[in-house]
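Take a look at the structure set out below.
Residue numbers (my numbering): 66 to 380.
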């Protein structure tokens, strides 16, 4: 069983590397063709505009709210297992961002998060981490499919069926995880010594799930607004409206594509250019927007998470 799991993980890593290399080459070719001295000059002029600087500053100020909401969700999830104050929950989340860099799809994110969990509750925390991620993915999936239908893309019975199947499958998986979380935890307990008994048969109540969904929606709005603000800063206003409507489709695609961190900016840039391919002439702006959001939302929190994890290990 362990050999089979390692084999699947290896194929997942290989797929992430291949997609990353293809994305890097594609972005390189695209940038070399589309970027000129005039495009750089226009971008620099636009960045000197106070309105542009205000929009970029607002996007940066939203970053703590983005991960703050995630810390609130994590704290709520763990409430029946172990008490974590907000600061510890934020450190746990950011440490997970750091460890999530090493495997495509951030499958190793839980390794950093459970460092702040007492040994008897680590298995429960891993199961709750899976439920939390599935809830956020379900929201991204649902909003993305709705945006796809409303954005004027060619719609066919097949595309509608696939969208409904994806949403239905995600709902079914979340329902299974929620209903049988105690079963998953018992299996996880084999990998952790000295695990305590489960605090309850079902760890998350309906009210808790409802609150977590509400906070997840708020977080989705926050990171959508961040990218929207950066796009508004870099791209002329008459070209922004169409971009904003396509953001949910972009987030839908990026949430399903496996990524390795070193290739992530290239993959995300390629996907953004693919979704917004009608916006020709803004290759530089779109690529820089992705890189800036990547640094704001992942690199900076990961650095904080690394420092926090290092201090936690010293304890």
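Just so it is clear, CB atoms sit at the ideal spot from N, CA and C, and this is done for glycine as well.
Distances from the alpha-carbon of residue 310 to those of 111, 168, 337 put 337 closest. A straight line joining the alpha-carbon of residue 274 with that of residue 339 spans about 35 Å.
The C-alpha of residue 204 is placed about 7 Å away from the C-alpha of residue 282. For residue 324, the three-state secondary structure derived from DSSP is coil. Here the alpha carbon of residue 335 sits roughly 15 Å from the alpha carbon of residue 357.
Around the CB of residue 297, 16 or more other CB atoms lie within 10 Å, so the residue is classed as buried. Under the Cβ criterion (8 Å, minimum of three pairs), the stretch 126–139 counts as touching the stretch 357–373. Under the three-state reduction of DSSP output, residue 337 falls in the helix class. Residue burial is scored here from C-beta neighbours: residue 248 has fewer than 16 other C-beta atoms within 10 angstroms and is therefore classed as exposed.
Remark: C-beta atoms of residue 134 and residue 278 do not approach each other more closely than 8 Å. Secondary structure of residue 150 (DSSP, three-state): coil. Taking each of 160, 145, 146 in turn and checking the Cα distance to residue 152, the smallest one comes out for 160. Between residue 330 and residue 355, the beta carbon gap of about 6 Å places them in contact (Cβ cut-off 8 Å). Beyond the five residues adjoining it in sequence on each side, residue 183 comes within less than 7 Å, by CB distance, of 147 in the same chain, given in chain order. DSSP places residue 255 outside any alpha helix (DSSP H), giving it a letter other than H or E. Going by DSSP, residue 131 is part of the alpha helix (DSSP H) stretching over 128–142. Of the candidates 167, 299, 144, 144 places its Cα closest to the Cα of residue 186. Taken through DSSP and simplified to helix, strand or coil, residue 162 comes out as helix.
With distances taken between CA atoms, residue 213 lies nearest to 312 out of 312, 321, 319, 361.
Leaving aside the five residues that flank residue 361 on each side, the residues in its chain whose CB is nearer than 8 Å to its CB run, in chain order, 124, 125, 128, 291.
In the structure shown, the three-state DSSP call for residue 183 is coil. Exposure of residue 240 is indicated by the presence of fewer than 16 other C-beta atoms within 10 angstroms of its C-beta.
Rounded to whole angstroms, residue 167 and residue 244 show a C-alpha spacing of 31 Å. DSSP places residue 352 inside the alpha helix (DSSP H), whose first and last residues are 348–359. By the neighbour-count definition (other C-beta atoms within 10 Å, threshold 16), residue 321 is an exposed residue.
With contacts defined as CB atoms closer than 8 Å, residue 180 and residue 377 qualify as a contacting pair. Here residue 256 is exposed: its Cβ has fewer than 16 other Cβ atoms, across all protein chains shown, within 10 Å. When DSSP states are grouped into helix, strand and coil, residue 114 belongs to the coil group. Counting of Cβ neighbours within 10 angstroms places residue 323 among the buried residues, the total reaching 16 or more. A residue is called buried once 16 or more other Cβ atoms fall within 10 Å of its Cβ, and residue 199 is buried on that count.
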